[in-house]
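Asks: Before we start, here is the structure in question, set down as structure tokens.
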Amino acid sequence: MPNLDVFALMIAALGQIGLCATILLARAGQSQVYMPLSAFFVALGVVILDPAVAVFAPALRTQAIALTLPAYLLLGPMLWLYIEGLTASVPWQWQRRHLWHFLPTALGLIVAGILIALPLDIREQMLLTGELPPGRLVATIVLSAFALILFWPVQAGWYGIRAIRRLRTYRHELRNLFASNESRELYWLSWLVLVLGGVWLLAFAAIIAENLFGRVMIDRRAGAVMALLLTWTLAVWGLRQKPGFEGRYLGDDSNEVPEEAPDNTPGQKYQRSALGEEQSLRIAAKIDSAMKNEQLFLDPALSLHKLARHVAISPSYISQTLNETIGMSFFDYVNQMRVEYAKPLIIEGQETVLAISLRAGFNSRSSFYKAFKLETGQTPIAFRNAYQSPQKAVQVPIQE
Numbered sequence: 008m009p010n011l012d013v014f015a016l017m018i019a020a021l022g023q024i025g026l027c028a029t030i031l032l033a034r035a036g037q038s039q040v041y042m043p044l045s046a047f048f049v050a051l052g053v054v055i056l057d058p059a060v061a062v063f064a065p066a067l068r069t070q071a072i073a074l075t076l077p078a079y080l081l082l083g084p085m086l087w088l089y090i091e092g093l094t095a096s097v098p099w100q101w102q103r104r105h106l107w108h109f110l111p112t113a114l115g116l117i118v119a120g121i122l123i124a125l126p127l128d129i130r131e132q133m134l135l136t137g138e139l140p141p142g143r144l145v146a147t148i149v150l151s152a153f154a155l156i157l158f159w160p161v162q163a164g165w166y167g168i169r170a171i172r173r174l175r176t177y178r179h180e181l182r183n184l185f186a187s188n189e190s191r192e193l194y195w196l197s198w199l200v201l202v203l204g205g206v207w208l209l210a211f212a213a214i215i216a217e218n219l220f221g222r223v224m225i226d227r228r229a230g231a232v233m234a235l236l237l238t239w240t241l242a243v244w245g246l247r248q249k250p251g252f253e254g255r256y257l258g259d260d261s262n263e264v265p266e267e268a269p270d271n272t273p274g275q276k277y278q279r280s281a282l283g284e285e286q287s288l289r290i291a292a293k294i295d296s297a298m299k300n301e302q303l304f305l306d307p308a309l310s311l312h313k314l315a316r317h318v319a320i321s322p323s324y325i326s327q328t329l330n331e332t333i334g335m336s337f338f339d340y341v342n343q344m345r346v347e348y349a350k351p352l353i354i355e356g357q358e359t360v361l362a363i364s365l366r367a368g369f370n371s372r373s374s375f376y377k378a379f380k381l382e383t384g385q386t387p388i389a390f391r392n393a394y395q396s397p398q399k400a401v402q403v404p405i406q407e
């Protein structure tokens, strides 16, 4: 029987996994993007299942250990498909092109199936005592399993790099399309991918050290704590996270933004565009006039496509003009105007910072503070104090 504290930690993690997988599976009926995360939780549950099986179903322990091989190989693809779904500019759905992601898992299932089909005494020798029984078939199975174990960190690293690049280009696309992106930038996922990469690397090293050299590299208690913390983190953030484009999917002009945003410089991105310099200058003037004279930036839900409809210009031309002629993303351009609008209100000091931020078109005080400091290098309070005479500053204190 495993240590009581390790057993308790793993049971707590398995309880979280079971609850999260069930909730996400229920949500998948409305949005398929939650299915990969549900499958990720199930695979993670199989990976950490051994302490529970050792207590409640010891006769099935060798089967549970064998199934950890395909479970490990399923973690990377499921996390990637979840990230792909969250960052897709159209509602995400399972497609045939996703099937190749499951090839390593299928190979792992075949090896695990052959392992499970072996006689019990051979399975126990291989999986519980670490001994290698004689026989060509057994040697082939062991070599196949070891090859897949060696492949796992390569697979995880490849998906990790793809995920970081995908999230980076997704945030770049958000800034080109929307002026407000609170709770949509998915920075927590970038950190999670980096942490998971480190944990998986440690787990791989521990597996190799234990199976080849008989050395325990990671204390079981520490492993259980890491499993619980990672499960809890993914549960807290994953259950409340909605797809980044949900509520503003690019239905009318969805062809303008590909599902995988290209990771190119503006010059490369627009090199095939028919937009000339003179036309771009006219578009820039028209955008500037509409934004300043009609104060479109005060709309908290302003987007590139909404602006395009208002000025009757193609979204791609507006995006190109902003990036190449004006030299800003849509996000920076709109928020710069919002900050300029807020500056006189800050100096007057008649309203709270929150009221000013909402009046200027921001959705929250935190986003206003961030944009204001980026634009001026100061907080709103410091900016006001720098522009007020001592007498007036005492008379009209600005409120937080």
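Residue numbering for the sequence shown follows the working numbering, beginning at 8 and increasing consecutively.
Each residue gets a CB set at the ideal place from its N, CA and C atoms; glycine is no exception.
1. Taking Val118 and Leu76 to be in contact with their CB atoms under 8 Å, please state how far apart those CB atoms are, rounded to whole angstroms.
2. Going along the chain, which residues of its own chain have a beta-carbon closer than 7 Å to the beta-carbon of Trp159, five neighbours each way excluded?
3. To the nearest angstrom, how far is it from the Cα of Phe369 to the Cα of Leu305?
4. Return yes when the Cβ of Ala297 is within less than 8 Å of the Cβ of His317, no when it is not.
5. Assign Leu342 to one of two classes, buried (16 or more other C-beta atoms within 10 Å of its C-beta) or exposed (fewer than that).
6. At a cut of 8 Å, does the region 159 to 172 reach the region 198 to 214 through at least three beta carbon pairs?
7. Taking the straight line between their C-alpha atoms, what separation do you get for Ala349 and Ser187?
8. Relative to the alpha-carbon of Trp356, which residue among Asn392, Ser336, Gly83 and Met344 has its alpha-carbon at the smallest distance?
9. Using only CA atoms, which one of Leu134, Ala46 and Pro58 lies nearest to Phe109?
10. Which two residues bound the contiguous alpha helix (DSSP H) that contains Ile353?
11. In three-state terms, what does DSSP make of Ser321?
12. Between the C-alpha atoms of Leu88 and Ile388, what's the straight-line distance to the nearest angstrom?
13. Taking the alpha helix (DSSP H) that Lys299 falls in, what are its first and last residues?
14. Using the three-state DSSP reduction, which class does Phe369 fall into: helix, strand or coil?
15. Among residues of its own chain, excluding the 5 on either side of Ser287, which ones have a beta-carbon nearer than 6 Å to its beta-carbon?
16. Using CA coordinates, which residue listed in Phe379, Arg345 and Gly245 is at the minimum distance from Ala28?
17. Ser310 by DSSP, collapsed to three states: which one?
18. Give the secondary structure of Phe185 by DSSP, where H, G and I count as helix, E and B as strand, and everything else as coil.
19. Do Ala234 and Ala20 come within 8 Å of each other at the CB atom, strictly closer than that value?
20. Tell me the rounded alpha-carbon separation between Gly283 and Asn183.
21. How would you write the range of the alpha helix (DSSP H) that Gly22 sits in, first residue to last?
22. Jot down the residue ranges of each uninterrupted alpha helix (DSSP H) in the region 116 to 160, minimum 4 residues, whole runs only, in chain order.
23. Taking the alpha-carbon positions, what's the Ala61 to Gln23 distance?
24. For Gln248, count neighbouring C-beta atoms within 10 Å of its own C-beta (all shown protein chains included) and say buried if the count is 16 or more, exposed if not.
25. Identify whether Val97 lies in helix, strand or coil by the three-state DSSP scheme.
26. Is it buried or exposed, Ala73, if we count other Cβ atoms within 10 angstroms and call 16 or more buried?
27. Of the residues Met17, Ile294 and Glu138, which one's Cα is nearest the Cα of Leu414?
28. What separation, rounded to the nearest whole angstrom, lies between the Cα atoms of Thr386 and Gln70?
29. So, with DSSP's three-state summary, where would you put Lys380?
30. Kindly confirm or deny that the region 185 to 203 and the region 170 to 177 touch, where touching means at least three C-beta pairs closer than 8 Å.
31. Within the same chain, show all residues whose beta-carbon is closer than 7 Å to that of Ser197, passing over the 5 residues directly before and after it, in chain order.
32. Does DSSP put Val5 in a helix, a strand or coil?
33. How is Gln72 classed by DSSP in three states: helix, strand or coil?
Replies: Taking the geometry as given:
1. A Cβ-Cβ separation of about 6 Å places Val118 in contact with Leu76 under the 8 Å criterion.
2. Only Tyr79, Leu80 and Phe211 meet the Cβ criterion.
3. Each residue's alpha carbon lies about 8 Å from the other.
4. A contact, by the Cβ cut-off of 8 Å.
5. For the record, residue 342 in the displayed sequence is Asn; it is not Leu. Asn342 comes out buried.
6. The region 159 to 172 makes contact with the region 198 to 214; the number of CB pairs closer than 8 Å reaches 3 or more.
7. Taking the CA atoms as reference points, Ala349 sits about 16 Å from Ser187.
8. The residue you asked about is not Trp; residue 356 is Gly in the sequence shown. When the alpha-carbon of Gly356 is set against those of Asn392, Ser336, Gly83 and Met344, the nearest one is in Asn392.
9. Nearest C-alpha to Phe109 among Leu134, Ala46 and Pro58: Ala46.
10. First-last of the alpha helix (DSSP H) with Ile353: Phe337 to Glu355.
11. In the structure shown, Ser321 sits in coil (DSSP, three-state: anything other than H, G, I, E or B).
12. Whole-angstrom Cα-Cα distance: 44 Å.
13. Unbroken alpha helix (DSSP H) run through Lys299: Glu284 to Asn300.
14. Correct three-state label for Phe369: coil.
15. Closer than 6 Å at the Cβ level, and outside the excluded window around Ser287, lie Thr328 and Thr332.
16. Ranking the options by Cα distance to Ala28, first place goes to Gly245.
17. In the structure shown, Ser310 sits in a strand (DSSP, three-state: E or B).
18. DSSP places Phe185 in strand when its eight states are reduced to three.
19. Inclusion of Ala20 and Ala234 in the CB contact set at 8 Å is warranted, their separation being smaller than that value.
20. Between Gly283 and Asn183, the C-alpha separation is close to 20 Å.
21. Here the alpha helix (DSSP H) through Gly22 covers Leu11 to Arg34.
22. 127 to 134, all fully within the region 116 to 160.
23. The alpha-carbon atoms of Ala61 and Gln23 are separated by roughly 19 Å.
24. Taking a 10 Å sphere around the C-beta of Gln248, we find 16 or more other C-beta atoms and assign the residue as buried.
25. The three-state secondary structure of Val97, taken from DSSP, is coil.
26. By the 10 Å Cβ count, Ala73 comes out buried.
27. A question about residue 414 goes unanswered here, because the residues of the chain that appear run from 8 up to 407.
28. Their backbone Cα atoms lie some 60 Å apart in a straight line.
29. Three-state DSSP puts Lys380 in a helix.
30. Contact between the region 185 to 203 and the region 170 to 177 is present, because at least three Cβ pairs lie under 8 Å.
31. Answer for Ser197: Ile171 and Leu174, listed in chain order.
32. Since the first residue shown for the chain is 8 and the last is 407, residue 5 is missing from the structure and cannot be characterised.
33. In the sequence under discussion, the amino acid at residue 72 is Ile, which differs from the Gln named in the question. Assigned with DSSP and collapsed to three states, Ile72 falls in helix.
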